[in-house]
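Number of protein chains: 2
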Amino acid sequence: MSHTATPTVVDKKQQLVSAAFQLFYQRGVHQVGINEVLSAAGVAKKTLYHHFPAKQELLLAVLEQRATAWLDWMAGRLSQQPQGAPALQCFFLALHDWFAGEVPQLHSFHGCFFTKVALEVQDPAVQARCQQFRLDLAALLMPHLQCCWPQQAAAQLDFMLLLKDGAETQAALQAVPAAALRALSLWQLSARAAA
Amino acid sequence: MSHTATPTVVDKKQQLVSAAFQLFYQRGVHQVGINEVLSAAGVAKKTLYHHFPAKQELLLAVLEQRATAWLDWMAGRLSQQPQGAPALQCFFLALHDWFAGEVPQLHSFHGCFFTKVALEVQDPAVQARCQQFRLDLAALLMPHLQCCWPQQAAAQLDFMLLLKDGAETQAALQAVPAAALRALSLWQLSARAAA
DNA sequence: GTCAGGGTAGACAAGTCGGTCTACCTCTGT
DNA sequence: ACAGAGGTAGACCGACTTGTCTACCCTGAC
């Protein structure tokens with residue numbers, strides 16, 4: 049075996065991460081046991097512990113994959129618009145589609161995975177990974193903000209993240225995709241005021 | 049024993065609810081075992097199960113007490129201002145004090161208890177109680193909103209709750225009390241636009 | 001044919017959970 | 001004095017948890 053990973057190995061690992069994400073996202077990390085992940089993924093316990101030394105490592109891999117999937121999706125949406133204000137407006141419209149369950153590759157909406165995990169899991173490595181997602185999101189938005197308000201980009205970023213967090217929470221707790229449109233309304237007021 | 053509850057009984061029950069709240073709030077309901085609540089409250093296990101048939105009932109009592117404490121505190125803050133716009137602004141200033149840990153009777157800030165519990169616990173009765181808190185909060189704010197915008201009070205309420213949720217999440221995840229002031233800025237823009 | 005590697009199923013260990021129960025103690029009313 | 005309510009400490013039960021380990025199976029190289 050000269051390769052570092054045979055196709056089968058990669059597949060099993062992926063199946064584990066995908067199954068774990070769906071269960072963790074829907075019901076919470078601590079509510080879902082290893083055995084449930086195993087039966088959902090169709091994988092033996094020994095194989096899980098061959099790839100991941102512990103449940104927490106599996107969770108970190110899940111966070112990693114989710115961050116990539118979410119940020120790639122959002123980056124794709126933003127790139128369909130001109131840089132600056134249109135892309136920033138598109139951000140909230142994309143959130144709306146996500147809340148409404150119209151983005152299959154993100155699975156049906158149950159709030160922000162990173163917010164939920166950060167509130168539930170105390171582990172420092174997990175906390176750090178959730179923080180990193182916020183930084184990556186900030187890096188994604190920052191070029192557009194600097195394009196519109198070179199002097200106040202950081203302050204406007206805080207507004208955007210607050211509106212995103214608020215819309216996600218409201219959408220998750222009340223099952224109302226329109227929360228994204230409310231956030232967009234507020235954002236447009238803020239954008240106009242800062243112009 | 050003609051009284052329905054002797055003083056001692058009330059005390060033990062209160063100690064249980066208080067200790068459980070602090071632990072549940074800081075570390076999450078599922079992360080805290082019954083035994084930990086018992087030793088923190090200085091109460092025997094049999095006494096707990098004399099007052100509450102199960103852990104979930106204890107959680108419901110904790111939610112009840114927290115709702116009363118939080119809403120009473122906020123109602124007190126709002127009542128110090130004239131009805132309408134000043135009280136609504138005071139809402140966000142009160143949140144800021146809460147985030148900054150300057151409201152001892154609410155304990156040090158770790159996000160909104162009801163949001164955290166609603167995201168963590170699946171039980172329908174618990175979910176319903178968390179929803180009820182949102183309704184009670186809405187009822188607290190509505191008179192002031194109707195005073196300012198009789199026609200658009202409901203829409204403005206959604207804006208306020210979105211800003212509250214966003215500020216709480218941001219403050220909890222980043223330990224930044226200023227999130228409340230950001231929410232206030234956005235609220236003032238919204239208030240001006242709706243005038 | 002045979003033999004190792006990576007997979008399977010699942011028993012098992014060690015520990016925690018919520019919840020029950022026994023045995024004892026300490027007040028209070030009469 | 002004494003019965004009984006309500007408290008304490010903590011042993012105990014069954015179910016569940018993560019993680020280990022045994023025993024087996026299937027496939028591909030030679």
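Protein chains in written order, with the numbering used here: chain A, 49 to 243; chain B, 49 to 243.
All C-beta atoms in this analysis are idealised placements derived from N, C-alpha and C, irrespective of residue type, glycine included.
Which of helix, strand or coil DSSP assigns to residue i
| i | result |
| --- | --- |
| B:Phe100 | coil |
| A:Ser156 | coil |
| A:Pro198 | coil |
| B:Gly124 | helix |
| B:Gly36 | Since the displayed chain B opens at 49 and closes at 243, residue 36 of chain B lies outside it and no answer follows. |
| B:Gly149 | coil |
| B:Ala231 | helix |
| B:Gly142 | A small correction: the amino acid at residue 142 of chain B is Ala; Gly does not occupy that position in the sequence shown. Helix at B:Ala142. |
| A:Gly214 | helix |
| B:Cys226 | The sequence given here has Ala at residue 226 of chain B, not Cys. If DSSP states are grouped into helix, strand and coil, B:Ala226 belongs with coil. |
| A:Asp133 | Looking at the sequence itself, residue 133 of chain A is Ala, so the reference to Asp does not match. Of the three classes helix, strand and coil, the one that applies to A:Ala133 here is helix, per DSSP. |
| A:Val169 | coil |
| A:Ala68 | helix |
| B:Val91 | coil |
| B:Ala243 | coil |
| B:Lys61 | helix |
Residue i classed as buried or exposed, judged by whether at least 16 other C-beta atoms fall within 10 angstroms
| i | result |
| --- | --- |
| B:Lys94 | exposed |
| A:Gln218 | buried |
| A:Gly76 | buried |
| A:Ser50 | Note that A:Ser50 scores 32 on pLDDT, short of 50, meaning its location in the model is unreliable; the coordinates nonetheless yield the value given after this. Exposed. |
| B:Arg26 | A query on residue 26 of chain B cannot be resolved here, the shown segment of chain B reaching from 49 to 243 and no further. |
| A:Pro225 | buried |
| B:Ala68 | buried |
| B:Glu168 | buried |
| A:Ala53 | Low per-residue confidence applies at A:Ala53: pLDDT is 41, beneath 50, and the placement is therefore not dependable enough to give any value. |
| B:His192 | buried |
| A:His98 | exposed |
| A:Val65 | buried |
| A:Leu106 | buried |
| B:Arg240 | exposed |
| B:Ser238 | buried |
| A:Leu126 | buried |
| B:Leu185 | buried |
| B:Ala102 | exposed |
| B:Ala244 | Because chain B here runs from 49 to 243, residue 244 of chain B falls outside it and cannot be looked at. |
| A:Glu150 | exposed |
Any non-hydrogen atom of the ligand FMN closer than 7 Å to residue i Cβ
| i | result |
| --- | --- |
| A:Ala215 | For the ligand FMN, the structure offers nothing, since it holds no ligand at all. |
Evaluate the contact criterion for the region 110-123 of chain B versus the region 193-204 of chain B: three or more CB pairs, one atom per stretch, below 8 Å. They do not touch, by the three-pair rule.
So does the region 155-167 of chain B actually touch the region 208-217 of chain B, counting three or more Cβ pairs closer than 8 Å? These segments touch.
Below 8 Å, how does it come out for the region 118-132 of chain A and the region 75-85 of chain A: are there three or more Cβ pairs, yes or no? Contact between the region 118-132 of chain A and the region 75-85 of chain A is absent, because fewer than three Cβ pairs lie under 8 Å.
Closer than 8 Å, Cβ to Cβ, to anything on chain B: give me those residues from the region 68-87 of chain A, in chain order. Answer in chain order: Arg75, Gly76, His78, Gln79.
Along the region 214-231 of chain B, where does the CB come closer than 9 Å to a CB of chain A? Name the residues. The region 214-231 of chain B vs chain A, Cβ under 9 Å: Gly214, Ala215, Glu216, Thr217, Gln218, Ala220, Leu221, Gln222, Val224, Ala226, Ala227, Arg230, Ala231.
Proximal residues, the region 158-175 of chain A versus chain B, C-beta separation under 8 Å: Listed by position along the chain: Gly159, Thr163, Lys164, Ala166, Leu167, Glu168, Gln170.
Name the residues in the region 192-213 of chain B whose C-beta lies less than 9 Å from a C-beta of chain A; which are they? Answer in chain order: Ala203, Asp206, Phe207, Leu209, Leu210, Leu211, Lys212, Asp213.
Taking a cut of 9 Å between CB atoms, which residues from the region 231-243 of chain A lie near chain B? So the list reads Ala231, Ser233, Leu234, Trp235, Leu237, Ser238, Arg240, Ala241, given in the order they occur along the chain.
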